[in-house]
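Student: Below: one structure in structure tokens.
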Amino acid sequence: MSKLVENLRNIFKIEELRDRVLFTIALLAVVRIGAHITLPGVDASLLAEVIRSQSQNSLFALYDLFAGGAFQNAAVFALGIMPYISAAIILQLLGAVVPYFRKLQQEGEEGRRKLEQYARQGTVLVAALQAWGVSIRLMNMTTPGGLPIVPEAVKGLGFVITTVFILTAGTIFIMWLGEQITERGIGNGISLIIFVGIIARFPNALLEEFQMIKTGARSIIEEILIIAGMVLVVALVILVTTGTRRIPVQYAKRVVGRRVYGGVTQYIPIRVNAAGVMPIIFAQSVMFLPSTIITFFPQSESLQEFAANFNYTSFWYSFVYALLVIFFTYLYTAIVFNPQDIADTMRKQGGFIPGIRPGKSTADFIDNILTKITLPGSIFLAIIAILPGFMIRLGVSPTMASFFGGTSLLIVVGVALDTLQQIETYLLMRHYDGFMKTGRIKSRVGY
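207 is the number of the first residue of the sequence shown in my numbering; add one for each residue after it.
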């Protein structure tokens with residue numbers, strides 16, 4: 207503990223690092239404030255009543271996770287950073303099928319800047335479309351008692367235009383804040399905005415658990431076991447997240463003038479979980495779609511019976527969910543990790559894997575290793591994905607259960623590792639000890 211306190215003090219001894227940390231905290235505070243400012247014309251108290259009566263097993267709940275609770279508050283930051291993420295994912299997928307975008311991905315810094323510009327432009331379009339949908343939904347929402355959350359006098363074209371403008375502007379502002387954090391703060395700004403939104407739910411989760419102990423619904427021993435289980439799950443997620451299979455690559459010696467290049471052995475790190483959190487997000491979107499559609503048909507008894515039998519904690523829901531996670535893990539890994547491109551790059555730079563011929567044989571070798579290492583990674587992701595539903599069946603509160611796995615835990619762990627790695631780099635550059643007594647925190651690029 208004293209070592210940790212000393213490292214935290216060292217952060218504030220380095221002026222540049224201190225300024226970056228404080229700058230990041232200030233901008234993240236702005237994001238959280240905006241998540242609690244309700245849109246004009248919306249009755250916040252009636253909206254809270256509607257949210258309490260609705261199922262958390264829907265696309266809206268998944269969206270609210272990334273918006274940090276702002277979506278269910280109908281706040282000015284209700285769309286969060288999700289439109290930017292959607293635009294970035296679309297561009298990434300286009301890079302796998304459209305030659306122009308694939309070329310941009312391979313052009314280095316210049317290509318990255320163009321893709322970022324396209325992502326910003328796409329964000330405005332996606333945010334405007336989603337804002338329009340949110341405005342329509344808000345005007346149609348009523349409490350269980352039949353009271354509209356948007357007064358009849360406010361409804362109309364004016365409300366739609368105002369809502370679209372405010373929500374779109376809010377998303378653009380959050381996107382700008384994220385870029386400022388990345389440039390002038392510490393860590394990845396977009397990731398930290400999502401991270402803080404998820405962590406903001408943790409105090410409520412602890413309060414729910416405390417209330418269960420207070421009312422006698424759970425003993426202190428049971429609560430200690432739950433906390434210990436959470437710590438174990440987090441440790442396993444960190445282990446898998448940072449786990450890599452290193453493929454050795456040897457570079458031939460080249461003499462250019464009086465300098466000798468190459469002649470060294472480097473490694474290609476292939477992560478066990480190369481797809482990150484995306485397979486769970488895709489699988490959740492598919493699984494939440496039926497329950498979301500059912501909410502629009504409350505009078506259909508057959509659909510309501512299906513929803514009751516295929517709920518978040520049922521066996522068949524978990525089984526199908528796990529299969530989808532495994533499928534999307536392989537699919538997304540194949541999109542973002544191209545063995546043929548790696549083999550071509552190695553051949554151009556004079557590199558080769560010992561014992562493997564350059565070209566197609568190298569690509570097949572890398573693809574074979576990637577396929578084998580993705581299997582345990584996909585199974586682990588599937589277990590993490592269904593773990594919250596299992597914990598709910600054991601009596602853990604839904605909010606606390608979300609921190610046992612799924613999207614929340616993977617994002618929190620991934621972003622925390624990346625941010626700590628950046629902080630540790632600053633400390634080591636200034637000859638201070640890092641957070642680890644031996645070795646260094648392993649970085650994790652993207653999620």
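No residue lacks a Cβ here, since even glycine has one placed at the ideal position from N, Cα and C. Note that this is a predicted model, so its numbers are computed, not measured.
1. Tell me the start and end of each unbroken alpha helix (DSSP H) in the segment 276 to 357 that is at least 4 residues and wholly inside, in chain order.
2. Please classify Tyr457: does DSSP put it in a helix, a strand, or coil?
3. Is it buried or exposed, Arg396, if we count other Cβ atoms within 10 angstroms and call 16 or more buried?
4. What is the DSSP secondary structure of Tyr538, counted as helix, strand or coil?
5. Would you tell me roughly how many angstroms separate the C-alpha atoms of Ile380 and Val542, rounded to the nearest one?
6. Tell me the rounded alpha-carbon separation between Pro564 and Ala549.
7. So Thr377 is in the alpha helix (DSSP H); what residue range does that whole segment cover?
8. For the segment 583 to 622, which segments carrying the alpha helix (DSSP H) assignment without a break, of at least 4 residues, lie completely within its bounds, in sequence order?
9. Go to Gln555, then tell me how far its alpha helix (DSSP H) extends in each direction, as first and last residue.
10. To the nearest angstrom, how far is the alpha carbon of Leu228 from that of Gly391?
11. Mind the definition here: the segment 365 to 377 touches the segment 337 to 350 only if three or more C-beta pairs lie below 8 Å; say whether that holds.
12. Out of curiosity, what's the CA-to-CA distance linking Val237 and Ile404?
13. Please classify Ile487 as buried or exposed, where buried requires at least 16 other C-beta atoms within 10 Å of its C-beta.
14. What residue range does the beta strand (DSSP E) around Pro475 cover?
15. Counting only beta-carbon separations shorter than 9 Å, does Leu600 have a partner in chain D?
16. Can Gln456 and Val470 be called in contact, C-beta distance under 9 Å?
17. Note down the Cα distance separating Arg226 from Pro357, rounded to an integer number of angstroms.
18. Are the CB atoms of Thr580 and Thr539 nearer to each other than 9 Å?
19. Count the other CB atoms, across all protein chains shown, that sit within 10 Å of the CB of Val619; report buried if there are 16 or more and exposed otherwise.
20. Arg224 lies in the alpha helix (DSSP H); which residues open and close that run?
21. Express the C-alpha separation of Ile355 and Ile367 in angstroms, rounding to a whole number.
22. So does the segment 624 to 637 actually touch the segment 428 to 444, counting three or more Cβ pairs closer than 8 Å?
23. By the 10 Å Cβ neighbour count, where 16 or more other Cβ atoms means buried, how is Thr577 classified, buried or exposed?
24. Could you please give me the residues that DSSP links to Arg215 through a beta bridge?
25. Can you give me the Cβ contacts of Gly611 inside the same chain, cut-off strictly under 6 Å, excluding the 5 residues immediately before and after it?
26. Would you mind sorting Gly384 into buried or exposed? The rule is 16 or more other CB atoms within 10 Å of its CB.
27. With distances taken between CB atoms, is the gap from Pro289 to Gln327 smaller than 9 Å?
28. Please report the straight-line C-alpha distance between Thr421 and Ile427, rounded to a whole angstrom.
29. Taking the CB atoms as reference points, tell me whether Pro485 and Ser584 lie closer together than 9 Å.
30. Go through its chain and collect everything with a Cβ distance to Tyr324's Cβ below 7 Å, but skip five positions before and after it.
31. Taking Cβ to Cβ, would you say Leu623 is nearer than 9 Å to Ile444?
32. What's the call for Gly645, buried or exposed, on a 16-neighbour Cβ count within 10 Å?
33. Tell me the start and end of each unbroken alpha helix (DSSP H) in the segment 423 to 450 that is at least 4 residues and wholly inside, in chain order.
34. What do you get for Phe525, buried or exposed, if any count of 16 or more other CB atoms within 10 angstroms of its CB means buried?
35. Based on DSSP bridge pairs, tell me the residues matched to Thr244.
36. Indicate whether Val621 and Leu442 have their beta-carbon atoms separated by less than 9 Å.
Tutor: Taking the geometry as given:
1. Runs of the alpha helix (DSSP H) inside the segment 276 to 357: 288 to 303, 305 to 311, 315 to 346.
2. Residue state for Tyr457 is assigned as strand, using DSSP reduced to three classes.
3. Residue identity check: residue 396 is Ile in the sequence provided, not Arg. By the neighbour-count criterion, in which a residue is buried when 16 or more other Cβ atoms sit within 10 angstroms of its Cβ, Ile396 is buried.
4. If DSSP states are grouped into helix, strand and coil, Tyr538 belongs with the helices.
5. Near 26 Å, if we compare the C-alpha coordinates of Val542 and Ile380.
6. It is roughly 7 Å from the alpha-carbon of Pro564 to the alpha-carbon of Ala549.
7. Element bounds for Thr377: 363 to 390.
8. Secondary structure within the segment 583 to 622: the alpha helix (DSSP H) runs of 4 or more consecutive residues, fully enclosed, are 604 to 607 (chain order).
9. Gln555 -> no alpha helix (DSSP H), and no H or E assigned at all.
10. Taking the straight line joining both Cα atoms gives about 8 Å.
11. Three or more beta-carbon pairs separated by less than 8 Å link the segment 365 to 377 to the segment 337 to 350, which places the two stretches in contact.
12. Computed Cα separation, rounded: 13 Å.
13. Label assigned to Ile487: buried.
14. Here the beta strand (DSSP E) through Pro475 covers 471 to 477.
15. The chain labelled as chain D is not found in the depicted structure, where only one protein chain is given.
16. For Gln456 and Val470, yes; Cβs fall inside 9 Å.
17. When rounded, the distance between both Cα atoms is 44 Å.
18. Their beta carbons are under 9 Å apart, which means Thr580 touches Thr539 by this criterion.
19. By the 10 Å Cβ count, Val619 comes out buried.
20. Following the DSSP letters along the chain, one finds Arg224 inside the alpha helix (DSSP H) bounded by residues 221 to 240.
21. Separation of Ile367 and Ile355 (C-alpha to C-alpha, rounded to the nearest whole angstrom) is 18 Å.
22. Touching, no, given that fewer than three Cβ pairs across the two stretches are closer than 8 Å.
23. With fewer than 16 Cβ atoms within 10 Å of its Cβ, Thr577 is classed as exposed.
24. Bridge partners of Arg215: none, in fact.
25. If you ignore the 5 residues before and after Gly611, its C-beta comes within less than 6 Å of the C-beta of Ile590, Leu593, Pro594, all in its own chain and listed in chain order.
26. By the beta-carbon neighbour count (other beta carbons within 10 angstroms, threshold 16), Gly384 is buried.
27. No, they are not a contact pair.
28. Thr421 and Ile427 have their C-alpha atoms some 15 Å from each other.
29. The answer is yes: Cβ separation under 9 Å.
30. Contacts found: Leu297.
31. Going by beta carbons, Leu623 and Ile444 fall inside the 9 Å limit.
32. Any reading at Gly645 must be qualified, since the residue scores a pLDDT of 49, below 50, and its modelled position is unreliable; no value is offered.
33. Counting only runs of 4 or more, we get 426 to 448.
34. Classified as exposed, Phe525 has fewer than 16 neighbouring CB atoms from the shown chains inside 10 Å of its CB.
35. In the DSSP output, where bridge partners are listed per residue, Thr244 has Ala281.
36. Cβ atoms of Val621 and Leu442: not closer than 9 Å.
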